[in-house]
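Inspection log for the structure reproduced underneath, given as structure tokens.
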Amino acid sequence: MNRETANLLLGPLEDEINSERYRHVDTQVHEAGHASGLGFDFKANQNLFQNYTYAGVEEWRSDSLGFEFAACTLPAEEAGKLVAVNFCIRFGLDAHRLGGVEKDTDVHASLISLEYLFQNDAIYITKNGQLALRNLSYPGLLQAVELHRAQALSITRRELNLKSPTGIFSLYKIDIHPSTLSVFQGLIIERCQGIWRHLQ
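Quick note: the sequence shown uses the numbering used here, first residue 1, plus one each step.
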């Protein structure tokens, strides 16, 4: 990612006073996302996470509902900082897990998040071949995930109306454009390695 985007995303985690609070609140809204809809425990007990893609959609859905909860309860500046924390974790840590893009739940969740950033026209590739956010502010970062939030809410409403829990299998399919996968592998996995180590 370009320097300006990286600095924006890293800002809340480099805040010596509030970084732990941001991480804790990010976890809380993410877990609230898991509890929404049919609920994580119900889905796990019904064996609805039969492969990494279903579990990856669940992780992405929980992230995105967390963004919605943050948007509804916090000022846009603070909610945007939680999005920044999430993106640091997803793109700086989870995207590099050993399972890779073809079998790891959290890698898949990170890939879905990138797909919706492109669909929302919130991110672009610079002439230097780096990813960059179009709006370099925390309220702008919250706007960048509007499509994440809308899609996650739609999926959650639809899962509550399923006649059978196994309907999740068709509901939890999100198409990834081949170009998004290529960008993810080249500009996230290869170029963003070590962002988390920088924070340690």
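Glycine included, C-beta positions come from ideal geometry on N, C-alpha and C.
Because the structure is a prediction, the values reported are computed rather than measured.
Checklist entry - With a CB to CB cut of under 8 Å and the five nearest residues on each side skipped, what residues in its chain are close to Asn-120? => result Ala-144, Val-145, Glu-146, Leu-147, His-148
Checklist entry - In whole angstroms, what is the alpha-carbon distance linking Lys-43 and Phe-49? => result 7 Å
Next on the checklist: Going by DSSP in three states, Tyr-172 sits in which element: helix, strand or coil?
Outcome noted: coil
Checklist entry - Just checking my contact of Thr-156 with Gly-56 at CB under 8 Å: how many whole Å lie between their CB atoms? => result With 8 Å as the limit, Thr-156 and Gly-56 do not qualify as a contact, their Cβ atoms being about 16 Å apart.
Item to check | Proximal residues to Glu-102 (C-beta, below 7 Å), its chain only, five neighbours per side dropped | outcome: none
Checklist entry - Taking the beta strand (DSSP E) that Leu-133 falls in, what are its first and last residues? => result 131-133
Checklist entry - With distances taken from CA atoms, which of Asp-175, Ser-170, Leu-131 is nearest Ala-6? => result Leu-131
Checklist entry - Does DSSP put Ile-155 in a helix, in a strand, or in coil? => result helix
Next on the checklist: Between Leu-133, Asn-2, Tyr-138, His-177, which has its C-alpha nearest Glu-77's C-alpha?
Outcome noted: Tyr-138
Checklist entry - Who are the Cβ neighbours of Ile-112 in its own chain at under 8 Å, not counting the five residues just before and after it? => result Gly-56, Val-57, Trp-60, Ile-174, Ile-176
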